[in-house]
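Residue numbers (this note's numbering), protein chains in the order written: chain A, 38 to 149; chain B, 37 to 222.
We put the CB at the ideal spot given by N, CA and C, even for glycine.
This one's a predicted model, so the numbers in the text were calculated from it and none came from an experiment.
Here is the structure we will look at.
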């Protein structure tokens, strides 16, 4: 071991005593500034989120209600009751969209 | 939440760390109060510049405040803080110009137990290359083993060993007067 115990003792003797209060005050001033900045950031984000919700709520709600009205609409009119009920899951705008998405996915997988 | 200063002053460090992790400002202030001298002395020995040392110590405490939630074991606050401080110093070293050391503010010393010794020790440390100085400071100021220093600094163990051997020799020469006095008194 290349450590000299006498040199180690000198290091211990040479420890300085600093102005503690000023340093603690400076560090805590930085901490407080950071806390304020974080608080303002969250406040800003909350206001932005509330504004976005307020602005987008009406169009999103309208789109959703339109979708719920449009999705179950039959693609082909079938006169016979039992046949209409049997084909109902396939015979709708929702089913057409689902089949379209599945086909598109299959196609993309094949070409990529 | 506000605690009485006396209560915080009497609390074990692990309790203060736990409180500070939850955002308690006063508990963190008490941690800074308890650890500032140690970290500032460490930084002072590493960088040889009183102003820079205090800036780095402040940075270390700020980083600790930001990352306290990441500290897994509250009982390991001191080594964790030391690692943050040394990393701050290493990052500063990588960023700064190698000639910056020429303007080191070695003379501006605050109150100290042994002013002449502290200044001579700083002067002797200033003659060492930065890596060697860091190894010496960690070995003598922090009493870390070669293996710990190698792990801490990322230097190969052999390099750490030779830095400490050569640095010890230089310091022994530079501080011979003090070492002789120590020998006489013991």
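Here residue 53 of chain B is buried: its Cβ has 16 or more other Cβ atoms, across all protein chains shown, within 10 Å. In summary, residue 134 of chain A is exposed, with fewer than 16 beta-carbon neighbours lying within 10 Å of its beta-carbon over all protein chains present. Taking each of B/75, B/59, B/80 in turn and checking the Cα distance to residue 75 of chain A, the smallest one comes out for B/59. With contacts defined by Cβ atoms closer than 8 Å, residue 97 of chain B and residue 68 of chain B form a contacting pair. In chain order, 171, 182, 185, 186 place their CB closer than 6 Å to the CB of residue 196 of chain B, counting only its own chain and leaving out the 5 sequence neighbours on each side. A distance below 8 Å separates the beta carbons of residue 99 of chain B and residue 120 of chain B. Rounded to whole angstroms, the gap between the alpha carbons of residue 102 of chain B and residue 146 of chain A is 45 Å.
Under the criterion of beta carbons closer than 8 Å, residue 83 of chain B and residue 125 of chain B qualify as touching, at roughly 6 Å. Of all alpha-carbon atoms in A/108, A/144, A/140, A/128, the one lying nearest the alpha-carbon of residue 114 of chain A is that of A/128.
Of the other Cβ atoms in all chains shown, 16 or more fall within 10 Å of the Cβ of residue 200 of chain B; this residue is therefore buried.
Restricting attention to alpha helix (DSSP H) runs no shorter than 4 residues, the segment 146-219 of chain B encloses them at 151-162, 166-172, 182-189, 193-210, ordered along the chain.
DSSP places residue 137 of chain A in the helix class (H, G or I) of the three-state scheme.
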